[in-house]
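Peer 1: Protein chains in written order, with my numbering: chain S, 124 to 542; chain L, 7 to 372; chain R, 77 to 295. Glycine included, every Cβ here is placed at the ideal spot set by N, Cα and C. The model shown is predicted, which means the values in this text are computed figures rather than measured ones.
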């Protein structure tokens with residue numbers, strides 16, 4: 124059975140629930156969601172209005188679940204959704220939406236628009252209208268183990284490097300430890316300093332931890348493409364790994380959507396509550412800080428600002444911890460306009476960064492981040508998401524802005540006194 | 007020819023007044039009042055007086071059909087003596103069931119004589135509606151109302167429909183209108199018809215209309231419902247002395263509460279003043295003594311077409327007739343329908359779920 | 077049918093019909109929407125003060141930080157006309173008398189002159205949002221027949237009510253009847269158009285607030 128319009132429509136029928144019905148019934152076409160969406164604000168093109176990205180789903184809702192919609196469909200006033208239409212909407216549902224949820228945060232009638240986009244992607248992927256880039260990432264994750272094609276030997280190689288650099292052993296597959304540390308493949312390939320930083324911090328605070336040979340990859344392209352069946356396969360690996368090693372807590376890496384996949388969607392995907400806790404590394408660090416376990420030395424004197432990853436802050440509820448941590452290490456910490464809950468997306472979340480044909484639009488949307496940065500003129504940009512970090516670096520390079528982007532965890536680790 | 011009153015026929019209004027000892031000063035005063043009532047400029051009073059004094063008293067034939075004689079009661083009880091006298095000095099009332107001395111064949115002969123004598127000049131006043139359901143429902147001397155009306159109006163100069171029955175059908179036309187009662191204006195199409203609605207109407211309005219007709223040779227300006235604008239141009243509510251209470255939201259809630267004692271607005275007690283066009287609030291009744299609202303009862307809207315079918319007199323205008331029953335019935339039906347639609351929708355969703363085919367990697371490709 | 081008969085019809089039969097359709101429609105639509113249900117969230121909740129459905133129902137009544145300057149007409153005129161509609165509909169003495177007869181509860185109204193002023197301001201605000209809908213590319217892009225239709229449905233009761241009170245255009249009786257009829261049309265169409273947000277906006281805010289509240293995000 125391959126993807127088809129029928130399958131997509133059937134999946135959308137399955138997805139439509141009371142919240143979605145309520146949201147569609149509440150929309151008054153005020154257009155305020157557009158003002159919150161960087162794809163609209165930076166292009167001025169009304170087709171990027173968030174609620175418009177859901178038009179096919181709205182029609183299916185009306186035609187299938189409402190009295191007047193059913194009547195209208197029967198007498199031919201309301202046309203059935205076509206395959207061509209879904210193909211046209213692919214750009215709107217994937218390329219121009221990073222699931223950043225600013226629209227959900229501003230809608231005056233309270234519509235959680237991004238909740239609907241996530242569900243819409245279920246139907247789109249089932250109908251075969253998802254971007255090649257994300258499809259590839261899903262395929263690699265399922266077949267190889269990670270979206271970037273990273274396999275265990277590559278992880279082991281990085282473990283060796285870190286052990287050599289920091290002189291700290293990196294535990295693998297140790298049962299009964301407190302923390303299972305997971306990684307995003309970007310950290311394995313692009314930002315290996317993360318692993319060393321974790322090792323340094325864990326030794327400093329005296330906590331036991333481990334990596335897992337079967338659950339090292341935390342990212343979930345299945346969730347990004349919006350397919351629960353595939354997302355379930357991927358998240359089940361982490362669940363199996365964590366349960367096998369009997370850890371108390373699984374630490375989501377510096378990656379926004381991995382956090383959402385593990386922390387919020389995971390239990391719902393496997394259909395039962397987790398037997399372990401899931402925390403983002405920033406939450407873990409905050410716990411260490413609050414418990415007085417972090418005894419840092421020295422403060423950075425250059426001007427630092429923090430980019431809130433959408434899935435961590437607005438979508439994940441972690442807003443204050445990163446600020447507490449920044450203040451521990453930065454003398455000159457400045458906030459960008461709209462920072463925190465209303466922060467603007469880097470432009471590449473929700474799988475958008477792996478869509479090749481969306482690059483031009485992504486860079487256009489980056490102008491918003493550029494303005495935010497120009498308003499505070501930082502010397503370094505700190506964040507807590509490897510995907511944000513790559514997208515930010517690309518954007519900064521494109522606009523020829525010379526601004527280093529660093530991870531929060533490694534920034535903290537830099538201030539840990541050598542043992 | 008016989009007149010109801012022992013005045014010589016054919017004399018002018020001025021002569022008749024003089025004979026009755028009405029001074030010129032009194033007459034001028036009265037003309038001033040009439041001019042004011044008709045909303046004419048002050049200078050018109052003199053003009054009116056001159057014209058009236060010279061005018062010949064017109065012959066008036068008063069026909070009563072399906073009515074209660076309340077209109078005549080109103081006419082005779084017109085409180086101002088000057089007015090009452092004027093009603094009779096102004097016109098030559100040649101035929102009127104209730105007021106004329108003659109009866110039987112003599113009465114009908116008087117009508118026929120007046121019609122013949124004043125052909126094309128006499129006025130016909132009608133109170134009561136005409137039954138079209140069956141000619142036998144209402145007859146005069148064995149002749150059906152409709153036939154009397156047709157015959158009498160044929161040579162008339164104009165027709166005055168006195169009271170709500172003549173003007174709009176009135177109580178006889180109330181649903182289900184068993185006699186098929188209709189208004190005079192529906193039967194008389196080739197003569198000017200002035201409607202002076204009210205149950206009963208204000209007698210002075212008739213006087214004023216006739217005076218206008220005599221003085222200026224034309225009927226006063228009428229509104230869309232054939233009523234003289236001068237008297238029916240504004241609603242009772244607009245000119246009501248209790249209006250300030252309405253604007254302040256002060257209402258009597260019952261007929262014996264504090265609000266009622268303080269004379270607050272009777273809107274909530276069903277006053278139809280806001281939709282009733284009449285001069286009661288300004289001219290008042292019984293020589294300007296009072297009018298229904300002043301006596302503590304809301305206007306029932308008796309001068310409006312269809313007032314008899316307009317819902318309870320004590321239901322506020324903004325009130326729906328019987329919303330609660332309908333609302334409760336609808337709510338019950340809505341709950342039942344809601345349960346049904348929920349069941350239906352859930353079954354549909356469950357079917358979609360049951361038909362779920364787990365997506366594999368190959369399925370991503372179309 | 078003369079005007080008083082027309083008025084009688086809209087007050088009686090007409091209102092009953094409208095009320096039945098409204099009540100039936102509202103219950104039907106509520107069942108249609110909320111009967112669909114939703115899955116229980118199995119992830120471990122994070123508790124945070126102010127992060128709940130109820131908090132969001134209140135919080136969304138104010139523009140989120142930084143949003144007011146992006147859509148000033150939507151927010152300000154929108155606010156004015158919603159409050160204005162509520163004031164005119166529920167605090168005008170004759171309206172209270174009507175509602176009292178239905179819900180058997182009474183409350184004090186505002187002086188007619190105040191209601192009159194509010195009506196004019198409300199109409200002005202509605203005209204402002206209409207112009208905004210025509211002038212702003214996004215709003216124009218999103219607009220369908222339903223948007224123009226529901227604007228008219230909402231505006232007519234205000235306009236006809238105001239004209240009736242001031243005895244303009246049509247005789248009062250007829251205008252009052254037209255006014256009541258316009259409200260009946262509003263009632264009839266409310267459950268089946270975007271006007272139903274008068275009910276579902278609270279449900280939507282609650283869902284949004286509750287689902288994000290589960291994550292400890294006060295949205």
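For residue 86 of chain R versus residue 263 of chain R, is the C-beta distance shorter than 7 Å?
Peer 2: Position 10 of the third chain holds residue 86 of chain R. Position 187 of the third chain holds residue 263 of chain R. No.
Peer 1: What does DSSP give as the partner residues of residue 302 of chain S in its beta bridges?
Peer 2: Here residue 302 of chain S refers to the residue found at position 179 when the first chain is read from its first residue. Its beta-bridge partners are S:332, S:372.
Peer 1: Give the secondary structure of residue 428 of chain S by DSSP, where H, G and I count as helix, E and B as strand, and everything else as coil.
Peer 2: Taking the first residue of the first chain as 1, we reach residue 428 of chain S at position 305. DSSP places residue 428 of chain S in strand when its eight states are reduced to three.
Peer 1: Does residue 299 of chain R pass the burial test, meaning 16 or more other C-beta atoms within 10 Å, or should it be called exposed?
Peer 2: As displayed, chain R neither begins before 77 nor continues past 295, which places residue 299 of chain R out of reach and without an answer.
Peer 1: Are the C-beta of residue 361 of chain L and some C-beta of chain S separated by less than 7 Å?
Peer 2: Working through the second chain from its first residue, we reach residue 361 of chain L at position 355. Judged by the 7 Å Cβ criterion, residue 361 of chain L is in contact with chain S.
Peer 1: Leaving out the 5 sequence neighbours to the left and right, which residues in its chain are closer than 8 Å to residue 188 of chain R when beta-carbon positions are compared?
Peer 2: Position 112 of the third chain holds residue 188 of chain R. The residues are 168, 169, 241.
Peer 1: Counting only Cβ pairs nearer than 8 Å, list the residues of chain L close to residue 249 of chain S.
Peer 2: For this step, residue 249 of chain S is matched to residue 126 along the first chain. Residues of chain L passing the Cβ test: 365, 369.
Peer 1: To be precise: take each residue of the segment 334-352 of chain L, compare its Cβ to all Cβ atoms of chain S, and keep it if any distance is under 8 Å. Which residues remain?
Peer 2: Result list: 347, 351.
Peer 1: Chain S partners of residue 195 of chain L, CB-CB under 7 Å?
Peer 2: Taking the second chain and counting its residues from 1, one reaches residue 195 of chain L at position 189. Going along chain S, no residue has its Cβ under 7 Å from residue 195 of chain L, so there is no contact; the nearest lies around 47 Å.
Peer 1: Check distances from the C-beta atoms of the segment 247-258 of chain L to those of chain R and list, in chain order, the residues that come in under 8 Å.
Peer 2: The residues in question are 252, 253, 254, 255, 257.
Peer 1: When burial is assigned at 16 or more other CB atoms within 10 Å of the CB, is residue 281 of chain S buried or exposed?
Peer 2: Here residue 281 of chain S corresponds to residue number 158 of the first chain, with the count starting at 1. By the 10 Å Cβ count, residue 281 of chain S comes out buried.
Peer 1: Quick one: is residue 241 of chain L near chain R, going by C-beta distance under 7 Å?
Peer 2: Here the question's residue 241 of chain L lines up with position 235 in the second chain. Yes, because at least one Cβ of chain R sits closer than 7 Å to the Cβ of residue 241 of chain L.
Peer 1: Starting from residue 358 of chain L, find everything on chain S with Cβ-Cβ shorter than 8 Å and list it in chain order.
Peer 2: Translated into positions along the second chain, residue 358 of chain L becomes position 352. Within 8 Å Cβ-Cβ: 133, 134, 136, 137.
Peer 1: Check whether the segment 87-98 of chain R touches the segment 268-275 of chain S, taking contact to mean three or more Cβ pairs, one atom from each stretch, closer than 8 Å.
Peer 2: The answer is no - the segment 268-275 of chain S does not touch the segment 87-98 of chain R, with fewer than three Cβ pairs under 8 Å.
Peer 1: Taking the beta carbon of residue 386 of chain S as the centre, do at least 16 other beta carbons fall within 10 Å, making it buried, or is it exposed?
Peer 2: Residue numbering aside, residue 386 of chain S sits at position 263 when the first chain is read from its first letter. Buried, by the Cβ-count rule.
Peer 1: Taking 8 Å as the threshold, find out whether the segment 234-248 of chain L comes into contact with the segment 284-301 of chain L through three or more Cβ pairs.
Peer 2: Because the criterion of three Cβ pairs below 8 Å is met, the segment 234-248 of chain L and the segment 284-301 of chain L touch.
Peer 1: Quick check on residue 10 of chain L: buried or exposed, where buried means 16 or more other Cβ atoms within 10 Å of its Cβ?
Peer 2: For the purposes of this step, residue 10 of chain L is identified with residue 4 of the second chain, where counting begins at 1. In this predicted model, residue 10 of chain L has a pLDDT of only 38, less than 50, meaning its place in the structure is not dependable; the value taken from the coordinates is given anyway. With 16 or more other Cβ atoms within 10 Å, it is buried.
Peer 1: Would residue 440 of chain S count as contacting chain R if we go by Cβ distances under 7 Å?
Peer 2: For this step, residue 440 of chain S is matched to residue 317 along the first chain. Closer than 7 Å: yes.
Peer 1: What are the partner residues of residue 234 of chain L, as DSSP defines its beta bridges?
Peer 2: As a working note, residue 234 of chain L is residue 228 in the second chain. Looking at the DSSP assignment, residue 234 of chain L forms a beta bridge with L:228.
Peer 1: Using the Cβ count rule (16 or more neighbours within 10 Å means buried), how would you classify residue 224 of chain S?
Peer 2: Residue mapping note: residue 224 of chain S aligns to position 101 of the first chain, counting from 1. The residue in question, residue 224 of chain S, is buried, as its Cβ has 16 or more Cβ neighbours within 10 Å.
Peer 1: Taking just the CA atoms, how far does residue 333 of chain L sit from residue 215 of chain R?
Peer 2: By one-based count along the third chain, residue 215 of chain R stands at place 139. By one-based count along the second chain, residue 333 of chain L stands at place 327. Cα to Cα, the separation comes out at about 37 Å.
Peer 1: In chain order, what are the residue ranges of uninterrupted alpha helix (DSSP H) at least 4 long that sit wholly in the segment 119-198 of chain L?
Peer 2: 151-159, 169-174, all fully within the segment 119-198 of chain L.
Peer 1: Please classify residue 82 of chain L as buried or exposed, where buried requires at least 16 other C-beta atoms within 10 Å of its C-beta.
Peer 2: Numbered from its first residue, the second chain carries residue 82 of chain L at position 76. Flag for residue 82 of chain L reads exposed.
Peer 1: Could you tell me which residues DSSP puts in a beta bridge with residue 202 of chain L?
Peer 2: Here residue 202 of chain L refers to the residue found at position 196 of the second chain. L:168, per the DSSP bridge assignment.
Peer 1: Cα separation between residue 530 of chain S and residue 382 of chain S?
Peer 2: As a first step, residue 530 of chain S is located in the first chain; it is residue number 407 there, counting from the start. As a first step, residue 382 of chain S is located in the first chain; it is residue number 259 there, counting from the start. Going from the Cα of residue 530 of chain S to the Cα of residue 382 of chain S covers about 16 Å.
Peer 1: Got a sec: is the Cβ-Cβ distance from residue 342 of chain S to anything in chain L below 7 Å?
Peer 2: Translated into positions along the first chain, residue 342 of chain S becomes position 219. Not closer than 7 Å to any Cβ of chain L, the Cβ of residue 342 of chain S fails to qualify, so no.
Peer 1: I need the boundaries of the alpha helix (DSSP H) containing residue 506 of chain S, first residue and last residue.
Peer 2: As a position in the first chain, residue 506 of chain S is number 383, starting the count at 1. Taken as a continuous stretch (DSSP letters only), residue 506 of chain S belongs to no alpha helix (DSSP H), being part of the beta strand (DSSP E) at 503-506.
Peer 1: Skipping 5 residues on each side, what residues in its chain have a beta carbon closer than 7 Å to that of residue 421 of chain S?
Peer 2: Taking the first chain and counting its residues from 1, the one referred to as residue 421 of chain S is at position 298. So the list reads 538, once near-sequence residues are dropped.
Peer 1: Roughly how many angstroms separate the alpha carbons of residue 151 of chain S and residue 172 of chain R, rounded to a whole number?
Peer 2: Looking up residue 151 of chain S in the first chain gives position 28. Looking up residue 172 of chain R in the third chain gives position 96. Their backbone Cα atoms lie some 28 Å apart in a straight line.
Peer 1: Below 7 Å between beta carbons is the criterion; list the residues of the segment 301-316 of chain L that meet it against any residue of chain R, in chain order.
Peer 2: Of all residues in the segment 301-316 of chain L, 310, 311, 312, 313, 315, 316 have a Cβ within less than 7 Å of some Cβ in chain R.
Peer 1: If contact means a Cβ-Cβ distance below 7 Å, which residues of the segment 241-274 of chain R contact chain L?
Peer 2: Hits within the stretch, in order: 248, 249, 252.
Peer 1: With a cut-off of 7 Å, does the C-beta of residue 322 of chain L fall near any C-beta of chain R?
Peer 2: Numbered from 1 along the second chain, position 316 holds the residue referred to as residue 322 of chain L. Interface residue, yes.
Peer 1: Starting from the Cα of residue 270 of chain R, find the closest Cα among S:232, S:135, S:246 and give me that residue.
Peer 2: For this step, residue 270 of chain R is matched to residue 194 along the third chain. Nearest of S:232, S:135, S:246 to residue 270 of chain R, Cα basis: S:232.
Peer 1: The alpha helix (DSSP H) that contains residue 208 of chain R, what's its start and end?
Peer 2: Reading the third chain from its first residue, position 132 is the one you call residue 208 of chain R. First-last of the alpha helix (DSSP H) with residue 208 of chain R: 188-211.
Peer 1: How long is the line joining the alpha carbons of residue 341 of chain S and residue 292 of chain S, rounded to whole angstroms?
Peer 2: Along the first chain, one-based indexing puts residue 341 of chain S at 218. Along the first chain, one-based indexing puts residue 292 of chain S at 169. Cα to Cα, residue 341 of chain S sits roughly 22 Å from residue 292 of chain S.
Peer 1: Restricting to runs no shorter than 4 residues, where is the alpha helix (DSSP H) found entirely within the segment 237-316 of chain L?
Peer 2: Runs found: 242-245, 249-254, 264-267, 286-289.
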